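Report on one structure; see the data block that follows.
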Amino acid sequence: MSLKMQLMLSYGLMAFFLVISLLVISNVMLEHHFKVYVQQRQEQANQALVAMILDEFKEEGTPSLEFLERLGTDALKQGIVLMVKDNKNEEMYCESCMNRIGCEEMHTKMKQMMQSRYPNWEGKYTEKVYELKWKNTIYGSVVLGYYGPFFFHEEDLQFMNLVNVIFILVAFIVLILAIAMGIFLAERIAQPLHYVMDRTKALEQQQYEGRIEFVSNTKELDELIGSVNTLADALEKQQQIKHRMARDYAHEFRTPLTALQSNLEAMIDGIFEPTKERLESCLFEILRLSRMAGQINRLVEIENNHVFIQKEWFDLKELLVQTVSNFEQEWREKNLQVKVKASRCEILADRDKMSQVVINLLSNAIKYTKAGGTISIKAKEVGYSIHVIVEDTGEGIAKEEIPNIFEYLYRTDDSRTRETGGSGIGLAVVKSIVTAHGGKIEVESELGKGSRFLVVLPKK
Ligand code: ADP
Numbered sequence: 013m014s015l016k017m018q019l020m021l022s023y024g025l026m027a028f029f030l031v032i033s034l035l036v037i038s039n040v041m042l043e044h045h046f047k048v049y050v051q052q053r054q055e056q057a058n059q060a061l062v063a064m065i066l067d068e069f070k071e072e073g074t075p076s077l078e079f080l081e082r083l084g085t086d087a088l089k090q091g092i093v094l095m096v097k098d099n100k101n102e103e104m105y106c107e108s109c110m111n112r113i114g115c116e117e118m119h120t121k122m123k124q125m126m127q128s129r130y131p132n133w134e135g136k137y138t139e140k141v142y143e144l145k146w147k148n149t150i151y152g153s154v155v156l157g158y159y160g161p162f163f164f165h166e167e168d169l170q171f172m173n174l175v176n177v178i179f180i181l182v183a184f185i186v187l188i189l190a191i192a193m194g195i196f197l198a199e200r201i202a203q204p205l206h207y208v209m210d211r212t213k214a215l216e217q218q219q220y221e222g223r224i225e226f227v228s229n230t231k232e233l234d235e236l237i238g239s240v241n242t243l244a245d246a247l248e249k250q251q252q253i254k255h256r257m258a259r260d261y262a263h264e265f266r267t268p269l270t271a272l273q274s275n276l277e278a279m280i281d282g283i284f285e286p287t288k289e290r291l292e293s294c295l296f297e298i299l300r301l302s303r304m305a306g307q308i309n310r311l312v313e314i315e316n317n318h319v320f321i322q323k324e325w326f327d328l329k330e331l332l333v334q335t336v337s338n339f340e341q342e343w344r345e346k347n348l349q350v351k352v353k354a355s356r357c358e359i360l361a362d363r364d365k366m367s368q369v370v371i372n373l374l375s376n377a378i379k380y381t382k383a384g385g386t387i388s389i390k391a392k393e394v395g396y397s398i399h400v401i402v403e404d405t406g407e408g409i410a411k412e413e414i415p416n417i418f419e420y421l422y423r424t425d426d427s428r429t430r431e432t433g434g435s436g437i438g439l440a441v442v443k444s445i446v447t448a449h450g451g452k453i454e455v456e457s458e459l460g461k462g463s464r465f466l467v468v469l470p471k472k
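Under my numbering, think of the first position of the sequence shown as 13, with each following residue one higher.
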């Protein structure tokens, strides 16, 4: 069953049960209170009638037959049969004796009226006696007969029926509103879900382009749409990386491998002498390719988020000092001066990945700084961040190259021609790790003067 149908049904059913229970409860309550009210009203009418007769007794001694006839006729219209007796219990006026047919007609009408509302109505003729007494004088008594235990007038029944019609009308309106509400809500939920379904089906078929632009204004649904869009972004990015890597790596590996192949073939065929330099050059190239393969692997892992960042608290200064000492042989060989200037910098980060960042930046600085140059490494706390600066007095980077150096496989022309053994992956790895930590990397450089890499990392 569709979501729309389910919501419509549940809303409709809920409203139906609600309305029915309200209808039953209010009807029962109303009926009960109305019966009590009708009985009280009847009693008041009786008392008023008796009071009028008593007044007449008090004023006239004996009420005239004309007066009693008028009262009797009026009372009969109200469904009351009047009988007045004097103090000797002699009948002075008897409506049922004088107007038997009228009384019977009235009773039949009452019975029919009551049975129209209560089919099992079992009323019977009831008489109530009221004494006509004033101070210590008893003038007689009034007997009021009616169809009891209570009866409704025509207006009462009209009122009760009207109330019922209003209840049914309200019930109907509520039911329609509930179903409309169900349809409206279902539309609101179903529409974005359809978008999500279409998009995920497209993703399943590896169609990554296109995002859901719809805004549902429902928090959870918007989050779901956001997640699907993010998923599409990630999948599209991965697909692009996959394609780019396959293309670029094939190219990057092919050139040196072809050179190696032709060199080795030439040596085997005796065209080239297998001199120490030639063999060393081949070895250098093989080592470079092998390093590159290792770096590619790391980059792929980072870019595909397969590597989890495992954060721990550690002192960054200690890491810097240790890395510099690990590279001591290399910078001493090149006659470089390396200075570490840092205070204790506690940071919550992945120690191994941070070590990779420092290694890549330091090895670049060593690689691209001429003998006699200086490299300085600094670390300091700035607010909630830690700044790591790797500065060298090396050859620098041309302004137009700066935006590209963090792209993987990007090497400046200089670096390519001079065969520094670079792979163009080091800075891409640095950027990926720093970004994964929520940080950023910036570079300032001037050709011939040197470069300054600034890594800003959140302290935790
Ligand atoms: P590579 O392995 O070629 O060094 P990187 O990604 O580490 O690859 O660096 C990309 C390019 O940025 C390098 O080819 C080099 O031209 C330039 N570069 C990086 N660091 C420095 C630096 N400290 N001084 C000058 N150029 C640098």
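Where is the CB? At the ideal position from N, CA and C, for every residue including glycine.
Predicted model only: the values in this text are computed from it and were never measured.
Secondary structure at I437: coil, using DSSP grouped into helix, strand and coil. It is roughly 56 Å from the alpha-carbon of A383 to the alpha-carbon of E216. Its chain contains L88 and G91 as the residues whose beta carbon lies nearer than 7 Å to that of M118, once the 5 sequence neighbours on both sides are disregarded; these appear in chain order. Of the candidates K443, G462 and R310, G462 places its Cα closest to the Cα of K379. If you ignore the 5 residues before and after V369, its C-beta comes within less than 6 Å of the C-beta of V442 and I445, all in its own chain and listed in chain order. Between the ligand ADP and I389, a heavy atom-to-CB distance of less than 7 Å is absent.
For I185, DSSP assigns no beta-bridge partner whatsoever. Here the alpha carbon of A190 sits roughly 60 Å from the alpha carbon of P415. In this structure, the beta-carbon distance from Y142 to V154 falls below 8 Å. Comparing alpha carbon positions, the residue from G436, L144 and V468 closest to K100 is L144. Distances taken from the Cβ of D404 to the heavy atoms of the ligand ADP include one shorter than 7 Å. The alpha carbon of S375 has as its nearest neighbour, out of I437, S397 and K392, the alpha carbon of I437. Checking the DSSP bridge columns, you'll see G152 partnered with D98 and L144. Taking a cut-off of 8 Å for Cβ pairs, the stretch 17–32 and the stretch 172–191 touch, as three or more such pairs fall below it. Look at A271 here: in three-state DSSP terms it is helix. Straight-line spacing of the CA atoms in I359 and T270 works out to 46 Å. Comparing alpha carbon positions, the residue from E199, C115, D364 and Q252 closest to K323 is D364. Close CB contacts of L35 within its chain, under the 8 Å cut and outside five residues either way in sequence, are with F179, I180 and A183 (chain order). The beta carbon of M125 sits closer than 8 Å to those of F163, F164, E166 and L169, all from its chain and outside the five residues before and after it, given in chain order.
Counting of Cβ neighbours within 10 angstroms places V240 among the buried residues, the total reaching 16 or more. Put simply, the backbone Cα of S302 is about 15 Å away from that of E292.
Distances between the C-beta of L374 and the heavy atoms of the ligand ADP are all 7 Å or more. Apart from the 5 residues on each side of it in sequence, K452 sits with its Cβ closer than 7 Å to the Cβ of V446 and V468 in its chain, given in chain order. Going by beta carbons, A361 and H449 fall inside the 8 Å limit.
Look at H206 here: in three-state DSSP terms it is helix.
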